[in-house]
Amino acid sequence: MSNRVGLMVRGLAAVLLVLVSARLAAAEEKRLPVPAVSIRAGELIRDDMITERAFAPNVLGVAMFIEGRQILVGRMARRTLLPGQPIPTNSVEDPWTIARGAMVKVVVEDSGLSIVTYGAAMQSGATGALIPVRNTDTGVIIRGVVQPDGTVKVVDGS
Numbered sequence: 132m133s134n135r136v137g138l139m140v141r142g143l144a145a146v147l148l149v150l151v152s153a154r155l156a157a158a159e160e161k162r163l164p165v166p167a168v169s170i171r172a173g174e175l176i177r178d179d180m181i182t183e184r185a186f187a188p189n190v191l192g193v194a195m196f197i198e199g200r201q202i203l204v205g206r207m208a209r210r211t212l213l214p215g216q217p218i219p220t221n222s223v224e225d226p227w228t229i230a231r232g233a234m235v236k237v238v239v240e241d242s243g244l245s246i247v248t249y250g251a252a253m254q255s256g257a258t259g260a261l262i263p264v265r266n267t268d269t270g271v272i273i274r275g276v277v278q279p280d281g282t283v284k285v286v287d288g289s
């Protein structure tokens, strides 16, 4: 009889241990935004493309993942983002104002003098990015900062 009672007590203790462990694991879960659909590289992320999913801390490891939906919406995917998977911080960027190869207006301003020419963007860039541009007339490569209106303003020393 005492063996039965001992087995029952051990069984109850095991069940309690499992329940407590499950409750602790649920308390430590982290909810992260994940794609609801596949998002291709270069695609702008809309609110309806994102959902949330709970992850256990041991599944996430030490990698840095985006923790807020507001950080994603309106940004652009740098690589394909798969449904249900956490999104690494380096896999999204601000949308490009200028695409690589696009013809852009290049502005040089100095001491009240303003010179405007055109060039081909040698790389894509968002507003504020420093990009190289090939002058279409001379072939010279200059560097400038992308402006909100899509022009490139040459920086000193270029």
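Just so you know, the working numbering puts 140 at position 9 of the sequence shown, and the rest follows in order with no gaps.
Just so it is clear, CB atoms sit at the ideal spot from N, CA and C, and this is done for glycine as well.
| query | According to the neighbour-count rule (16 or more other Cβ atoms, all chains shown, within 10 Å of its Cβ), is I181 buried or exposed? | reply | Buried, because 16 or more other Cβ atoms sit within 10 Å of the Cβ of I181.
| query | Between the C-alpha atoms of V204 and R265, what's the straight-line distance to the nearest angstrom? | reply | For V204 and R265, the distance between alpha carbons rounds to 33 Å.
| What is the C-beta distance between V283 and G275, in whole angstroms, given that I count them as a contact (C-beta under 8 Å)? | About 4 Å separates the two Cβ atoms, so the contact holds.
| query | Applying the criterion that 16 or more other CB atoms from any shown protein chain within 10 Å of the CB defines a buried residue, is V247 buried or exposed? | reply | With fewer than 16 other Cβ atoms within 10 Å, it is exposed.
| query | Looking at C-alpha atoms only, which residue of R231, V237, E159 is the closest neighbour of S245? | reply | Looking at the Cα atoms, V237 is the closest of the given residues.
| field | Beta-bridge pairing of I229 - partner residues as DSSP gives them | value | Partner(s): G256.
| request: Could you work out which residue in R171, F186, D287, A230 is closest to E240 when comparing CA atoms only? | output: Nearest option by C-alpha distance: D287.
| task | Can you give me the Cβ contacts of A172 inside the same chain, cut-off strictly under 7 Å, excluding the 5 residues immediately before and after it? | result | Excluding the 5 residues flanking it on each side, A172 has same chain C-beta neighbours closer than 7 Å at A208, R209, R210, T211, in chain order.
| First and last residue of the uninterrupted alpha helix (DSSP H) at R200 | Counting along the chain, the unbroken alpha helix (DSSP H) around R200 starts and ends at 200-203.
| said: Among R162, S222, S242, E198, whose alpha-carbon lies nearest the alpha-carbon of L175? | reply: Of the candidates R162, S222, S242, E198, the one whose C-alpha sits nearest the C-alpha of L175 is S222.
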